[in-house]
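Asks:
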Amino acid sequence: MAFQTNFKHDMETRHEYKDRRVAAKTAEQASCYQAVDLRDKSVCRVTGVYLTLGHGDPHKRKERHHMIRRSRGGLHEMANVITISAAIHALDHAGKIRLSGDANLTDGLGHFCGVKYEAVTESGWRTVGML
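Per the working numbering, residue 9 is the first one in the sequence shown, and the count goes up by one each step.
#1: Can you tell me the Cα-Cα spacing of S93 and R53, whole angstroms?
#2: Any Cβ of chain B within less than 8 Å of the Cβ of V136?
#3: Compute the Euclidean distance between the alpha carbons of L46 and N112, then round it to the nearest angstrom.
#4: Out of T114, K104 and H74, which has the shortest C-alpha to C-alpha gap to E130?
#5: Given that a residue counts as buried once 16 or more other Cβ atoms are within 10 Å of its Cβ, and exposed if not, what is L117?
#6: Taking 7 Å as the limit between beta carbons, can you name the residues of its chain near L99, skipping five residues before and five after?
#7: What is the DSSP secondary structure of A75, counted as helix, strand or coil?
#8: Quick check: V51 and H73, are their CB atoms within less than 8 Å of each other?
#9: L107 and V6 - do their beta-carbons sit closer together than 8 Å?
#10: Using a threshold of 7 Å, is the CB atom of D115 nearer than that to any non-hydrogen atom of the ligand NAP?
#11: What is the DSSP secondary structure of T21, reduced to helix, strand or coil?
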């Protein structure tokens, strides 16, 4: 006799599984963003301007940026996420600047130095600085 199971009663349904995974990812993201906010103190790592969520001015609106994009396998980890303004975020996604590296890395004085900030020029990418 073959083993039979009633999927809906004996196992988690696909919808239940999906809902559980979405909730876990949402909690993971919220935890990461909270830690990034504490680390970066709501200051844009590129411009040094204090930012707030929902501000009308894109130069003062806080956003978090995954340097390795989620669509390319980037994780909700502090080393991969930085605080930047909406205006800078738009430049990055438009391909005009590039941010990469380890957002947690600091020098001996406690200054951030692990994020490479590059801008595109006519002759290619130029390093602007380390953030």
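A virtual CB, placed ideally from N, CA and C, is assigned to each residue, including glycine.
Replies: Put simply:
#1: Across the structure, S93 and R53 are spaced so that their CA atoms are roughly 9 Å apart.
#2: Reference to chain B is not applicable here, since this structure consists of a single protein chain.
#3: Straight-line Cα distance between these residues: approximately 12 Å.
#4: Looking only at T114, K104 and H74, the smallest Cα-Cα distance to E130 is reached by K104.
#5: When all chains shown are included, L117 counts as exposed.
#6: Cβ within range, chain order: I105.
#7: First, the residue type needs correcting, since residue 75 is Met and not Ala in the sequence shown. Of the three classes helix, strand and coil, the one that applies to M75 here is coil, per DSSP.
#8: Inclusion of V51 and H73 in the CB contact set at 8 Å is not warranted, their separation being larger than that value.
#9: The requested residue 6 is not part of the displayed model; the chain covers only 9 to 139.
#10: Among the ligands in the structure shown, none appear at all, so the ligand NAP cannot be discussed.
#11: Reduced to three states, the DSSP call for T21 is coil.
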